[in-house]
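Engineer: Can you keep this structure in mind? I'll have questions shortly.
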Ligand code: ATP
Ligand code: MG
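If you want it as structure tokens, here you go:
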């Protein structure tokens, strides 16, 4: 084939090369972690463009995170040089479907200026529905409703397609009705949520064959990474688009399917071969990432899973390229408590750096975001540079959300959620009562608050300070919108809004210790806006880039992130702390999904270990402070599943791994979930207690004594580490 002697093919093994060169027809690459799936995908993209099978704009490449998309774009540009310009359709499912929806929004009743709601807005909207339906929000929580709706959307179910019996899932038979109201409200708001992006795309394609045909002609090649984590909606979307050229290449690893809780279906891998008969399947078996100890550890854990597709499909990889005889074994360490754990990890990082390594080489991967705090504190104390990826996100801070709400309202007057957020922020005398009046008008009339408010102001419904405040608010927004239309640069406009709205003034008068930080954040926001050439472009970016890392790339920082966020990435040195029962595997996943949940947790352990290239440090503690109380905790059962001959284990406490499921364990660790919003009550309580003297952990706590008895050092049953 053309391009066979090309430089980009050098260094690929025969199977990888085969996958790159097989450009005609459907292709599935199934292989374990670190075998070069992503590398194959990137090289294939380069090959397609370099041999002129398609222009960059005729390829569609879907990755799982924005970070992965950025990296793939960089790699492709590196391989292609200028020829790689114009990769317009390389991104996440969200970003690509948003691009498509902007073009055809009117076909699903939206304007192309639609807003993409984030979780916070979604829940706010659900709260209004729960109230309007007179449901008790304590029994029927808005968050639960939002979760239900997300779940249906993951399964590509519009309200008319939800099985009728599922109506019982919320509000005494009102689940589907609430979903309908939710969708109707979104339309009025000229908004959609993340799930809608794909659903609307699918609707548009299904109802408008001519439009679908356009995309068939456009997308000559489709490439999909992390295919094992696609949900039904994503799958349908891909299938619709791929029916044109049938040149679709998906790469994945069923052992790394970790988004079942979000509707991902591993079975999509099996369906692929059904939907695309004659699909070629390539298996990669050679791992290029990790040392043999790391691979052995990962393989040994995942071997405990029963529900493995891959076993039948391909041979697992254990032939590591890195056969370095001196490679260190995987380290497992038992520590007294979380503080000791963070101290030890920070020390390891410092000595790594002292011996010539970079901070950037190191990652701390946690199961749930609450675990991050201990490391952050330790790193701050020692001055170790770090960043939290997908952590307490810059763009989710209150002042940033307020500023964005102003900008959203300027972009789209129908954005009621933005209106509600800032109409009285800073204070303009518009109380809840006035707002409620406006809302009831808006509900009755079907138009947005921004449109209706001037009409209401003509009447005597709202008087006094509220009337003055609203008049000023509407006038100002109109004026700012005019400035933008008149060509004022969006960064200048943002500064003007913050000044003239009184927002900056409000913060300057604020005597709380956070006020200066909030002002700094707003400055940072305006700076970030400067990187985009339009307000619309910037807002789109914010709405999509949910894993935007503070700090930016290329800086030498330790990275802290969740295991879920680490998928597809790699570091020379990886720390896996908190391997304790109920933390990892998390109690919630076991409670909610039993064995299925456990197997998904185990895949997460496999993902975690396989992120490491040279060194992998697993740790657990004997005591955790939960809600300010010390509790004895047990090592994770996954520690027991590690292969002793590839592991070096030490225990500071004389406390060891115990048989899984032991009755002695009485921990009650709340799994605060993988969402990194730090908003949960547990986190708040932890924070309130932070810095308060807590005394020393109870060395003789009943739980610990009981669980530690009969074991010494690192002995578990017959296994001696
Ligand atoms: P994951 O399942 O974790 O996403 P993956 O299968 O996508 O892993 P890659 O990230 O593509 O694997 O590759 C893992 C590492 O191995 C990368 O550093 C990559 O550059 C390297 N690699 C892949 N193929 C080769 C090869 N043929 N020769 C040398 N290095 C390779
Ligand atoms: Mg990959």
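Numbering (this note's numbering), first residue to last: 238 to 958.
Beta carbons are placed, not taken as given, at the ideal position from N, Cα and C, and that holds for glycine.
(1) Which of helix, strand or coil does DSSP assign to residue 823?
(2) Looking at the strands, I want to know which residues DSSP matches up with residue 853.
(3) Apart from the five residues just before and just after residue 842, which ones in its own chain have a Cβ nearer than 6 Å to its Cβ?
(4) Return the chain-ordered list of same chain residues with a C-beta closer than 8 Å to the C-beta of residue 502, the five sequence neighbours on each side being excluded.
(5) Taking the alpha-carbon positions, what's the residue 635 to residue 761 distance?
(6) Whether or not the stretch 609-616 and the stretch 576-588 are in contact is what I'm after, with contact meaning three or more pairs of Cβ atoms, one per stretch, closer than 8 Å; do they touch?
(7) Taking just the CA atoms, how far does residue 569 sit from residue 886?
(8) Pick helix, strand or coil for residue 574, following the three-state DSSP scheme.
(9) Hey, out of 341, 810, 624 and 838, whose CA is closest to residue 825's CA?
(10) Pick from 499, 297 and 405: whose alpha carbon is nearest that of residue 388?
(11) Can you tell me whether residue 790 is buried or exposed, with buried defined as 16 or more other CB within 10 angstroms of its CB?
(12) Pull up the CB-CB distance for residue 330 and residue 342, whole angstroms please, since I reckon it's below 8 Å.
(13) Could you work out which residue in 600, 268 and 287 is closest to residue 242 when comparing CA atoms only?
(14) In three-state terms, what does DSSP make of residue 354?
(15) Please list the segments of the alpha helix (DSSP H) lying wholly inside the stretch 325-382, counting only runs of 4 or more residues, in order along the chain.
(16) Please state whether DSSP places residue 648 in a helix, a strand or coil.
(17) Rounded to the nearest angstrom, what separates residue 333 and residue 326 at their Cα positions?
(18) Quick one: what's got a C-beta closer than 6 Å to residue 383's C-beta in the same chain, skipping five residues either side?
(19) Compute the distance between the beta-carbons of residue 457 and residue 291, then report whether it is under 8 Å.
(20) Classify residue 722 as buried or exposed, calling it buried when 16 or more other Cβ atoms lie within 10 Å of its own Cβ.
(21) How many angstroms separate the CA atom of residue 522 from the CA atom of residue 274?
(22) Looking at the unbroken alpha helix (DSSP H) that takes in residue 709, where does it start and where does it end?
(23) Classify residue 856 as buried or exposed, calling it buried when 16 or more other Cβ atoms lie within 10 Å of its own Cβ.
(24) Determine the contact status of residue 803 and residue 535, defining contact as a CB-CB distance below 8 Å.
(25) Could you tell me if residue 696 is buried or exposed, where buried requires 16 or more neighbouring beta carbons within 10 angstroms of its beta carbon?
(26) Is the beta carbon of residue 847 within less than 7 Å of some heavy atom of the ligand ATP?
(27) With distance defined between alpha-carbon atoms, name the residue in 407, 356 and 396 nearest to residue 378.
(28) Name the residue from 735, 602, 835 and 821 whose alpha carbon lies nearest to the alpha carbon of residue 873.
(29) Would you say residue 270 lies against chain D (beta-carbon separation less than 8 Å)?
(30) From residue 779 to residue 653, what does the alpha carbon distance come to, in whole angstroms?
(31) What are the boundary residues of the alpha helix (DSSP H) that residue 506 is part of?
(32) Which same chain residues, not among the five before or five after residue 440, have their C-beta less than 7 Å away from its C-beta?
(33) Among 478, 432 and 766, which one has its Cα closest to the Cα of residue 448?
(34) Assuming residue 277 contacts residue 305 under a Cβ cut-off of 8 Å, what Cβ separation, rounded to an integer in Å, is found between them?
(35) According to DSSP, is residue 253 helix, strand or coil?
(36) Who pairs with residue 231 in a beta bridge, going by DSSP?
Structural biologist: Based on what the coordinates show:
(1) Counting from one through the chain shown, the residue named residue 823 turns up at place 586. Strand at residue 823.
(2) Along the chain shown, read from residue 1 onward, the residue named residue 853 stands at position 616. According to DSSP, residue 853 bridges with 811.
(3) Walking along the chain shown from the start, residue 842 turns up at place 605. Closer than 6 Å at the Cβ level, and outside the excluded window around residue 842, lie 538 and 875.
(4) Here residue 502 is taken as the residue at index 265 of the chain shown, counted from 1. These residues qualify, in order along the chain: 467, 468, 469 and 472.
(5) Position 398 of the chain shown holds residue 635. Position 524 of the chain shown holds residue 761. Cα-Cα distance, rounded: 14 Å.
(6) yes
(7) Numbered from 1 along the chain shown, position 649 holds the residue referred to as residue 886. Numbered from 1 along the chain shown, position 332 holds the residue referred to as residue 569. Distance between the alpha carbons of residue 886 and residue 569 is about 5 Å.
(8) What you label residue 574 is simply residue 337 of the chain shown in a count that begins at 1. Here residue 574 sits in strand by DSSP.
(9) Within the chain shown, residue 825 is the residue found at index 588, counting from 1. Of 341, 810, 624 and 838, the residue nearest in Cα terms is 838.
(10) In the chain shown, the residue the question calls residue 388 occupies position 151. Nearest option by C-alpha distance: 499.
(11) Position 553 of the chain shown, counted from the first residue, corresponds to residue 790. No answer about residue 790 holds up, because its pLDDT of 46 lies below 50 and its placement is not dependable.
(12) Position 93 of the chain shown, counting from 1, holds the residue named residue 330. Position 105 of the chain shown, counting from 1, holds the residue named residue 342. Actually they are not in contact, since the Cβ atoms of residue 330 and residue 342 sit about 18 Å apart, beyond 8 Å.
(13) Locating residue 242 in the chain shown gives position 5, where the first residue counts as 1. Measuring from the Cα of residue 242, the nearest candidate turns out to be 287.
(14) Along the chain shown, one-based indexing puts residue 354 at 117. Here residue 354 sits in coil by DSSP.
(15) 330-341 and 356-369
(16) Your numbering for residue 648 matches position 411 in the chain shown. If DSSP states are grouped into helix, strand and coil, residue 648 belongs with the helices.
(17) Numbered from its first residue, the chain shown carries residue 333 at position 96. Numbered from its first residue, the chain shown carries residue 326 at position 89. Cα to Cα, the separation comes out at about 6 Å.
(18) In the chain shown, residue 383 corresponds to position 146, counting from 1. Excluding residues within five positions, the ones whose Cβ falls inside 6 Å are 359, 360 and 363.
(19) Here residue 457 refers to the residue found at position 220 of the chain shown. Here residue 291 refers to the residue found at position 54 of the chain shown. It is a contact, given that the beta carbons lie within the stated cut-off.
(20) The residue you call residue 722 lines up with position 485 of the chain shown. Looking at its Cβ environment, which holds fewer than 16 other Cβ atoms inside 10 Å, residue 722 is exposed.
(21) Taking the chain shown and counting its residues from 1, one reaches residue 522 at position 285. Taking the chain shown and counting its residues from 1, one reaches residue 274 at position 37. So the two alpha carbons sit approximately 10 Å from each other.
(22) Position 472 of the chain shown, counting from 1, holds the residue named residue 709. Where residue 709 is concerned, the enclosing alpha helix (DSSP H) stretches over 701-722.
(23) Working through the chain shown from its first residue, we reach residue 856 at position 619. Buried, because 16 or more other Cβ atoms sit within 10 Å of the Cβ of residue 856.
(24) Translated into the one-based positions of the chain shown, residue 803 becomes position 566. Translated into the one-based positions of the chain shown, residue 535 becomes position 298. No.
(25) By 1-based counting over the chain shown, the position of residue 696 is 459. Counting Cβ neighbours within 10 Å, residue 696 comes out exposed, since fewer than 16 surround it.
(26) Residue mapping note: residue 847 aligns to position 610 of the chain shown, counting from 1. Within the cutoff, so yes.
(27) One-based indexing of the chain shown puts residue 378 at position 141. Looking at the Cα atoms, 407 is the closest of the given residues.
(28) Residue 873 sits at position 636 when you count from the first residue of the chain shown. The shortest Cα separation from residue 873 among 735, 602, 835 and 821 belongs to 821.
(29) Absent from the structure is chain D; it holds one protein chain and no more.
(30) For this step, residue 779 is matched to residue 542 along the chain shown. For this step, residue 653 is matched to residue 416 along the chain shown. Each residue's alpha carbon lies about 18 Å from the other.
(31) Locating residue 506 in the chain shown gives position 269, counting from the first residue. First-last of the alpha helix (DSSP H) with residue 506: 504-512.
(32) On the chain shown, position 203 is the one that residue 440 refers to. Cβ within range, chain order: 345.
(33) As a first step, residue 448 is located in the chain shown; it is residue number 211 there, counting from the start. Comparing Cα positions, the closest option is 478.
(34) Against the chain shown, residue 277 aligns to sequence position 40. Against the chain shown, residue 305 aligns to sequence position 68. Rounded, the Cβ-Cβ distance is 14 Å, inconsistent with contact.
(35) Looking up residue 253 in the chain shown gives position 16. Three-state DSSP puts residue 253 in a helix.
(36) Summary: the structure shown does not reach residue 231, with the chain confined to residues 238 through 958, and so no result is reported for it.
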